[in-house]
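Notes to accompany the following structure.
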Amino acid sequence: VEPDTFSFGSTLVTAFQTGRIFNGGSSDIGWATSNNNGTTWTKGFLPGTTTFATPPGSFSAISDPSVAFDAAHNTWLILSLGITSNQTVVVSRSTDSGQGHTWSNPITVASGSLDKTWIVCDNTSTSPFFGHCYAEWDNPSSSDLLQMSTSTNGGLTWSAPKATALGNHGLGGQPLVQPGGTVIVPYQSTASNTIRAFTSTNGGASWNGAVVISSFNDHGISGLRTEPLPSAEIDGSGKVYVVWQDCRFEPGCASNDLVMSTSTNGTGWSGVTRIPIDPVGSGINHVIPGLAVDKAFSGSSAHLGLAFYFCSSTCQLQVGFVSSTNGGATWTPKNTLTSTPMPLAWLANTSLGRMVGDYISTSFSNGHAFPVFAVATAPSGSTFNEAMFTVVSGLTIAQGTLKAGADRVLSTATSTRGIYIVR
């Protein structure tokens with residue numbers, strides 16, 4: 010469950026939880042790599058992580074994988090959260106000439122009461138911070154204090170954790186780097202029902218206080234583990250796109266749409282627009298978005314691919330996909346990627362509900378979108394069958410005819426669900 014993806018050149022890497030554990034985390038982090046734009050894949054498990062790994066490590070479980078590539082050091086990185094009585098943010102490195110097939114034992118980034126890791130690297134050769142990699146997490150023992158750490162040597166060593174100038178609190182931050190080196194980190198605020206973002210303009214030496222992108226209104230789905238965590242990506246010019254689940258455009262906040270806001274600087278954000286996947290009032294819930302933006306395009310010509318889960322009132326999950334070739338002004342009709350709806354009882358059970366992941370991910374390679382997502386079949390007795398999938402040869406991006414931006418806000422109620430530790 011819970012995949013992240015990243016692409017660089019013709020290589021795609023995904024990492025995900027394997028052997029999900031009810032109370033949190035998994036038995037190991039699995040990975041899969043393609044070096045030919047998604048045509049064929051090699052797969053395996055990270056070494057030295059948990060007591061279940063080969064060779065075994067010291068953690069009882071591991072969670073929250075995130076993938077990055079450091080072009081300056083030709084190194085692939087998988088950041089994850091090792092779990093014992095406390096938590097340790099760790100990074101596994103692959104230095105096999107950029108192939109992403111062999112991985113090191115984990116290197117410690119930080120330890121304590123930590124959660125929800127993410128990583129990005131500055132891969133623009135003209136950036137003053139080319140080769141800086143940035144790790145993000147929150148600290149539940151300090152009310153989800155957001156913290157950042159920086160590496161300048163391919164993930165071998167990391168700086169002491171730093172909070173923002175305002176000591177912001179939140180969950181699910183996804184750092185992105187503009188071509189000029191500015192880092193923008195959208196996240197879900199735990200201090201209020203808002204999506205926010207903070208920035209750094211000095212290579213991670215310090216982090217500015219967060220600004221509000223928007224409030225959020227979220228419709229909970231009984232039995233399914235899901236929160237309005239943002240999925241964020243960046244185009245070739247440095248424009249940032251943030252998508253999350255939200256019910257403001259639905260009568261009575263009765264179901265979730267996916268909505269989007271954008272920014273060119275991380276401090277000023279556009280108004281929220283509804284992505285027109287299904288008609289308003291359809292009763293279809295759209296959750297757990299995984300956004301991709303093709304860096305070969307930008308602005309009004311930006312190519313966007315968006316994967317997500319959806320279900321009706323009976324909530325048998327399916328995976329959908331929509332795309333845009335004009336920066337989200339119009340979208341294609343929904344493409345259903347799964348052949349059979351999944352009853353929630355087929356999904357891995359956790360203390361916070363049935364799980365496909367707190368997040369999923371999509372990346373572009375050679376102009377095609379490759380979403381990675383969990384699909385379950387019926388359990389065999391007490392053994393669950395939930396595996397990671399993508400689409401053969403990827404998905405073609407089209408302009409679409411469904412116009413965004415014309416919907417009215419119909420519900421101003423805010424989410425009453427508490428923020429939780431989401432390992």
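Everything in the sequence shown is counted per this note's numbering, starting at 10 for the first residue and increasing by one. All C-beta atoms in this analysis are idealised placements derived from N, C-alpha and C, irrespective of residue type, glycine included. Treat the numbers as computed from the prediction; the structure is a model and nothing was measured.
Original post:
What are the partner residues of CYS142, as DSSP defines its beta bridges?
Top reply: As a working note, residue 142 is residue 133 in the sequence shown. DSSP lists CYS130 and SER160 as partners of CYS142.
Subject >> Beta-carbon proximity of HIS141 to THR117, cut-off 7 Å >> reply: As a position in the sequence shown, residue 141 is number 132, starting the count at 1. As a position in the sequence shown, residue 117 is number 108, starting the count at 1. Not in contact: HIS141 and THR117 (Cβ atoms no closer than 7 Å).
Original post:
Taking contact to mean at least 3 C-beta pairs separated by less than 8 Å, is the segment 241-253 in contact with the segment 180-197?
Top reply: yes
Original post:
Hey, would you say LEU404 sits closer than 7 Å to PHE306, going by beta carbons?
Top reply: For this step, residue 404 is matched to residue 395 along the sequence shown. For this step, residue 306 is matched to residue 297 along the sequence shown. It is not a contact, given that the beta carbons lie outside the stated cut-off.
**OP:** Can you grab the Cα-Cα spacing for the pair GLY18 / SER374, in whole Å?
**Re:** Here residue 18 refers to the residue found at position 9 when the sequence shown is read from its first residue. Here residue 374 refers to the residue found at position 365 when the sequence shown is read from its first residue. Rounded to the nearest angstrom, the two C-alpha atoms are 7 Å apart.
Subject >> Opening and closing residue of the beta strand (DSSP E) in which VAL401 lies >> reply: Stepping through the sequence shown from its first residue, residue 401 is reached at position 392. Neither: VAL401 is in no beta strand (DSSP E) and is coded neither H nor E.
Original post:
I think VAL458 touches GLN254, with their Cβ atoms under 8 Å apart; what is that distance to the nearest whole Å?
Top reply: This structure leaves residue 458 out entirely; the chain is present only between 10 and 432.
Original post:
How many angstroms separate the CA atom of PRO237 from the CA atom of ILE87?
Top reply: In the sequence shown, counting from the first residue as 1, residue 237 sits at position 228. In the sequence shown, counting from the first residue as 1, residue 87 sits at position 78. Approximately 24 Å, taken between the alpha carbons.
**OP:** Starting from VAL221, follow the beta strand (DSSP E) in both directions and report where the run begins and ends.
**Re:** Against the sequence shown, residue 221 aligns to sequence position 212. Where VAL221 is concerned, the enclosing beta strand (DSSP E) stretches over 220-224.
Original post:
How many Å lie between VAL384 and PRO12 at the Cα?
Top reply: Within the sequence shown, the letter at position 375 stands for residue 384. Within the sequence shown, the letter at position 3 stands for residue 12. Approximately 12 Å between the Cα atoms of the pair.
Original post:
Within this structure, are the beta carbons of THR93 and PHE68 separated by less than 7 Å?
Top reply: Residue numbering aside, residue 93 sits at position 84 when the sequence shown is read from its first letter. Residue numbering aside, residue 68 sits at position 59 when the sequence shown is read from its first letter. Against a cut-off of 7 Å, the Cβ pair of PHE68 and THR93 comes out as a contact.
Subject >> Candidates ARG257, ARG29, TYR318 and ASN217, of which the one nearest HIS228 by Cα >> reply: Locating residue 228 in the sequence shown gives position 219, where the first residue counts as 1. Minimum Cα distance to HIS228 is reached at ARG257.
**OP:** Just tell me which of THR410, VAL220 and GLY245 has its CA closest to the CA of GLY277.
**Re:** As a position in the sequence shown, residue 277 is number 268, starting the count at 1. Among THR410, VAL220 and GLY245, the Cα nearest to that of GLY277 is on VAL220.
Original post:
Taking the alpha-carbon positions, what's the PRO260 to THR199 distance?
Top reply: Counted from its first residue, the sequence shown places residue 260 at position 251. Counted from its first residue, the sequence shown places residue 199 at position 190. The alpha-carbon atoms of PRO260 and THR199 are separated by roughly 25 Å.
Original post:
Where does CYS320 fall in DSSP's three states?
Top reply: Within the sequence shown, the letter at position 311 stands for residue 320. Correct three-state label for CYS320: strand.
**OP:** Assuming VAL281 contacts ASP244 (C-beta within less than 8 Å), just tell me the rounded distance between them.
**Re:** Here the question's residue 281 lines up with position 272 in the sequence shown. Here the question's residue 244 lines up with position 235 in the sequence shown. Actually they do not touch by this definition, with Cβ atoms about 19 Å apart.
Original post:
Taking the C-alpha atoms as reference points, what is the distance between GLN156 and SER215?
Top reply: Along the sequence shown, one-based indexing puts residue 156 at 147. Along the sequence shown, one-based indexing puts residue 215 at 206. One C-alpha to the other measures close to 11 Å.
Subject >> Opening and closing residue of the beta strand (DSSP E) in which ALA378 lies >> reply: For the purposes of this step, residue 378 is taken as residue 369 along the sequence shown, with counting starting at 1. Where ALA378 is concerned, the enclosing beta strand (DSSP E) stretches over 377-389.
**OP:** With a threshold of 16 other CB atoms inside 10 Å of the CB of ALA24, please say whether the residue is buried or exposed.
**Re:** What you label residue 24 is simply residue 15 of the sequence shown in a count that begins at 1. Label assigned to ALA24: buried.
**OP:** Under 6 Å Cβ to Cβ from LEU300, same chain only, skipping five residues before and after it: list those, please.
**Re:** In the sequence shown, the residue the question calls residue 300 occupies position 291. Taken in chain order, the residues that qualify are SER240, GLU242, VAL252 and LEU315.
**OP:** Return the CA-CA distance between PRO388 and TRP355, expressed in angstroms with no decimal places.
**Re:** In the sequence shown, counting from the first residue as 1, residue 388 sits at position 379. In the sequence shown, counting from the first residue as 1, residue 355 sits at position 346. Approximately 6 Å between the Cα atoms of the pair.
Original post:
Going straight from the alpha carbon of VAL99 to that of GLY39, what length do you get?
Top reply: As a first step, residue 99 is located in the sequence shown; it is residue number 90 there, counting from the start. As a first step, residue 39 is located in the sequence shown; it is residue number 30 there, counting from the start. One C-alpha to the other measures close to 15 Å.
Original post:
Where does TRP167 sit, in a helix, a strand or coil, going by DSSP?
Top reply: To locate residue 167, count along the sequence shown from 1; it is residue 158. Note: TRP167 maps to coil in three-state DSSP.
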